[in-house]
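> Read in order, the letters of the sequence shown are residues 980 to 1409 in the working numbering. Virtual Cβ for every residue (Gly too), placed ideally from N, Cα, C.
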Amino acid sequence: MRKFSLLFFIFILPGLCTLVSAQNEEKILAGTIFSNSVKTVRLYREEWNLSYPVISIGGNERLVLQFDLLGDISETFYYTFIHCDKDWNRSGIFTTDFIDGFPENPVEDYHPSFNTTIHYTNYRLAFPNERVNLKLSGNYIIMIFPSGEPENPVLTQRFIVSENLVGITVEAHRPGMTAYYNENQQIDFTVDYSGIKINDPYQDVFASILQNGRWNNAKRNIKPEFYGNNKLKYSALSDKNIFAGGNEFRYFDIRSIRYQSEYVKKIDFITSNYHVLLTPSENREFKPYFYSQDFNGKYYVAIQEENNPDTEADYVYVYFTLPSASKVEGGKMYVSGALSNWSYGPDNLMSYNIETRAYECILLLKQGWYNYEYFFQQDGDESGVTSKFEGNHYETENDYTVIIYYRNPRDRFDRVIGTQTVNTLNRIIY
């Protein structure tokens, strides 16, 4: 009973107990993979594994979280949720305000790998479910932790729950401002809030824009240029609605390790593991734009020779090589995309080999089809840029997600009253 009471106060009463150090708090709320043994973390809408983690409140939509734990031993994991404000700080409201059900629950669907060189356990969780439901809209964190150790999460991921009370019309196009004309993309949108009463939309409504689901280069807290007749209009009178276009993502296919697919130079089996050497990448900084279909930085797990990729796909070491006459000063080079959780860390950091005159990196990846790009993170910059080796083009095909937040002065939390995801080919995705 004593243990239950402690957990009750930790999870139900915000501010009374500090679960994690201040140093880890920022990482928890950023969506971070803390354990080197946790791989292939994916959060997506059920039955659509290339979707973004956005669902509507009170409907039948669910999100699926999948991840692997490397090793021979399965572990019991639990999950809980954190409600955040528009800036991804804890909302400070009671857990019972936004959760209907138990505040923490076990991840019960997990299975060991079969016939793989690297053993792992695959975990799968779909939510909301019969144990827990989410009562409020807003920004959320799902946190996975070992049984009895909520202060030691192995991973956290961000997702959005929306009320869909407003209509959002989005147009992605080439910027009109001369400085951004050739390399950038402008995202204009109009919000129709006739379905909800908002007394002061300029003060109480905030907009964020995500490019390809990334949070580290998001445009946040955008204010409308014009409003009236229950409509808010956002157009690029400044650079707040403008993104660097980037380039189409590079890709490679390791669904099979029996033959060399495009951009795979060599496959070796060394000391009980598979090693895949990719063809050295070309510098695309000054290349003209060329369209090629991609997944906008995402990947999917797949295997050609077996039936169940979740537990039968193997892990292989993938070698990336980026030739460069010299090391680029003033920052660090990374292989990034969804394959690195869109983060920059020691695992996906590229080292410069002065003998081969190339940046190099080795990643342990599950079999599948992958998108990636080379990002240069300038010193002091969180987002990273692709301009050094990928180039920027206004023609590049990208996804953009517009999120509309609303905070009534009487509310204690930020609501999400609408989202819209579109493609630069002006296709509405959802």
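#1: Which residues does DSSP list as the beta-bridge partners of P1091?
#2: By the 10 Å Cβ neighbour count, where 16 or more other Cβ atoms means buried, how is T1403 classified, buried or exposed?
#3: Can you tell me whether W1027 is buried or exposed, with buried defined as 16 or more other CB within 10 angstroms of its CB?
#4: Go through its chain and collect everything with a Cβ distance to S1014's Cβ below 6 Å, but skip five positions before and after it.
#5: Please specify which runs of the beta strand (DSSP E), each continuous and at least 3 residues long, are wholly inside the stretch 1148 to 1210, giving them in chain order.
#6: Tell me the DSSP bridge mates of P1125?
#7: For I989, count neighbouring Cβ atoms within 10 angstroms of its own Cβ and tell me buried if that reaches 16, exposed if not.
#8: Could you work out which residue in Y1023, I1036, A1151 is closest to L1144 when comparing CA atoms only?
#9: Please return the same chain residues whose Cβ sits closer than 8 Å to the Cβ of T1398, not counting the five positions on each side in sequence.
#10: Please work out which residues of its chain come closer than 8 Å, Cβ to Cβ, to R1041, disregarding the five sequence neighbours upstream and downstream, and give them in chain order.
#11: Kindly indicate which three-state DSSP category E1004 falls into: helix, strand or coil?
#12: Are at least three pairs of beta-carbons, each pair with one atom in the stretch 1289 to 1307 and one in the stretch 1233 to 1249, less than 8 Å apart?
#13: Could you tell me the alpha carbon to alpha carbon distance between Y922 and A1215, rounded to whole angstroms?
#14: Excluding the 5 residues preceding and the 5 following K982 in the sequence, name in chain order all residues of the same chain whose CB lies nearer than 8 Å to its CB.
#15: Since Q1045 contacts Y1102 with CB under 8 Å, what's their CB separation in whole angstroms?
#16: Whole angstroms is fine: what's the gap from E1369's alpha carbon to N1226's?
#17: Am I right that L1048 and V1017 are in contact with their C-beta atoms under 8 Å? What's the rounded C-beta distance?
#18: Would you call the CB atoms of N1411 and F1228 closer than 8 Å?
#19: Let me make sure I understand the geometry here. Which of V1184, S1053, K1176, N1350 has the alpha-carbon closest to that of P1125?
#20: Looking only at its own chain, which residues have a Cβ that is under 7 Å from the Cβ of K1431, when we skip the five neighbours before and after it?
#21: Kindly indicate which residue of T1400, Y1099, F1392, I1166 has the alpha-carbon position closest to the one of F1073.
#22: Going by the beta-carbon positions, is the gap between V1314 and Y1253 smaller than 8 Å?
#23: Under the rule that 16 or more other beta-carbon atoms within 10 Å means buried, what is R1406, buried or exposed?
#24: Assuming F1077 is part of the alpha helix (DSSP H), what are its boundary residues?
#25: Measuring straight from C-alpha to C-alpha, what distance separates K1114 and R1193?
#26: Does the Cβ of E1284 have 16 or more other Cβ atoms within 10 Å, making it buried, or fewer, making it exposed?
#27: Taking the beta carbon of T1100 as the centre, do at least 16 other beta carbons fall within 10 Å, making it buried, or is it exposed?
#28: Write down every uninterrupted run of the beta strand (DSSP E) in the stretch 1009 to 1067 whose length is 3 residues or greater and which is fully enclosed by it, in chain order.
#29: When the Cα of K1367 is compared with those of E1334, A1317, A1304, which residue comes out closest?
#30: May I ask which residues mark the beginning and end of the alpha helix (DSSP H) holding P1288?
#31: Any idea which residues DSSP pairs M1312 with across the strands?
#32: Are there three or more Cβ pairs, one per stretch, closer than 8 Å when the stretch 1263 to 1283 is compared with the stretch 1057 to 1070?
#33: Using the three-state DSSP reduction, which class does A1304 fall into: helix, strand or coil?
#34: The beta strand (DSSP E) that contains I1236, what's its start and end?
Based on what the coordinates show:
#1: If you number the sequence shown from 1, residue 1091 lands on position 112. Beta-bridge pairing links P1091 to T1100.
#2: One-based indexing of the sequence shown puts residue 1403 at position 424. Burial call: buried.
#3: Locating residue 1027 in the sequence shown gives position 48, counting from the first residue. Classification for W1027: exposed.
#4: Position 35 of the sequence shown, counted from the start, is the residue given in the question as residue 1014. Cβ neighbours of S1014 beyond the five flanking positions: V1133.
#5: 1163 to 1171, 1184 to 1190, 1193 to 1201, 1205 to 1207
#6: As a first step, residue 1125 is located in the sequence shown; it is residue number 146 there, counting from the start. Bridge partners of P1125: F1056.
#7: For the purposes of this step, residue 989 is taken as residue 10 along the sequence shown, with counting starting at 1. The predicted position of I989 is uncertain, since its pLDDT is 39 and thus under 50; a value taken from the coordinates is nonetheless stated next. The C-beta of I989 has 16 or more other C-beta atoms within 10 Å across all chains shown, which makes the residue buried.
#8: Here residue 1144 refers to the residue found at position 165 when the sequence shown is read from its first residue. Minimum Cα distance to L1144 is reached at I1036.
#9: Mapped onto the sequence shown, residue 1398 falls at position 419. Within the same chain, T1398 has close Cβ partners V1033, I1139, S1141, N1143, I1147, T1380, V1381, I1382, I1383.
#10: Working through the sequence shown from its first residue, we reach residue 1041 at position 62. The residues R1024, E1025, I1034, A1105, F1106, P1107, N1108, in chain order, have a CB closer than 8 Å to that of R1041 in the same chain once the five nearest residues on each side in sequence are set aside.
#11: Counting from 1 along the sequence shown, the entry for residue 1004 is found at position 25. Reduced to three states, the DSSP call for E1004 is helix.
#12: yes
#13: What the structure shows of the chain is the stretch from 980 to 1409, and residue 922 is not part of that stretch, so it cannot be assessed.
#14: The residue given as residue 982 occupies position 3 in the sequence shown. Low local confidence applies: a pLDDT of 39 at K982 is under 50, so the model's placement there is unreliable, and no value is given.
#15: Here the question's residue 1045 lines up with position 66 in the sequence shown. Here the question's residue 1102 lines up with position 123 in the sequence shown. Indeed, because the Cβ distance is near 7 Å, the residues count as touching under 8 Å.
#16: Against the sequence shown, residue 1369 aligns to sequence position 390. Against the sequence shown, residue 1226 aligns to sequence position 247. Computed Cα separation, rounded: 6 Å.
#17: In the sequence shown, residue 1048 corresponds to position 69, counting from 1. In the sequence shown, residue 1017 corresponds to position 38, counting from 1. Contact holds; Cβ gap of about 6 Å.
#18: What is shown of the chain runs 980 to 1409, which leaves residue 1411 out entirely.
#19: Against the sequence shown, residue 1125 aligns to sequence position 146. When only C-alpha atoms are compared, the closest one is S1053.
#20: Nothing about residue 1431 can be reported from this structure: the residues present for the chain run from 980 to 1409 only.
#21: Start at 1 with the first residue of the sequence shown, and residue 1073 comes out as number 94. Cα-wise, what sits closest to F1073 is F1392.
#22: Position 335 of the sequence shown holds residue 1314. Position 274 of the sequence shown holds residue 1253. Not a contact, by the Cβ cut-off of 8 Å.
#23: For the purposes of this step, residue 1406 is identified with residue 427 of the sequence shown, where counting begins at 1. R1406 should be labelled exposed.
#24: Working through the sequence shown from its first residue, we reach residue 1077 at position 98. Per DSSP, F1077 belongs to the alpha helix (DSSP H) from 1074 to 1077.
#25: The sequence position of residue 1114 within the sequence shown is 135, counting from 1. The sequence position of residue 1193 within the sequence shown is 214, counting from 1. Distance between the alpha carbons of K1114 and R1193 is about 25 Å.
#26: The sequence position of residue 1284 within the sequence shown is 305, counting from 1. Result: exposed.
#27: On the sequence shown, position 121 is the one that residue 1100 refers to. It counts as buried.
#28: 1017 to 1024, 1033 to 1035, 1042 to 1049, 1056 to 1063
#29: The sequence position of residue 1367 within the sequence shown is 388, counting from 1. Checking every option, the nearest Cα to that of K1367 belongs to A1304.
#30: To locate residue 1288, count along the sequence shown from 1; it is residue 309. It spans 1288 to 1291 - the alpha helix (DSSP H) in which P1288 sits, taken as one unbroken run.
#31: For this step, residue 1312 is matched to residue 333 along the sequence shown. Answer is F1355.
#32: No: the two stretches stay apart, fewer than three of their Cβ pairs being nearer than 8 Å.
#33: Your numbering for residue 1304 matches position 325 in the sequence shown. Residue state, collapsed to three classes: coil.
#34: If you number the sequence shown from 1, residue 1236 lands on position 257. Counting along the chain, I1236 falls outside any beta strand (DSSP E), and DSSP gives it neither H nor E.
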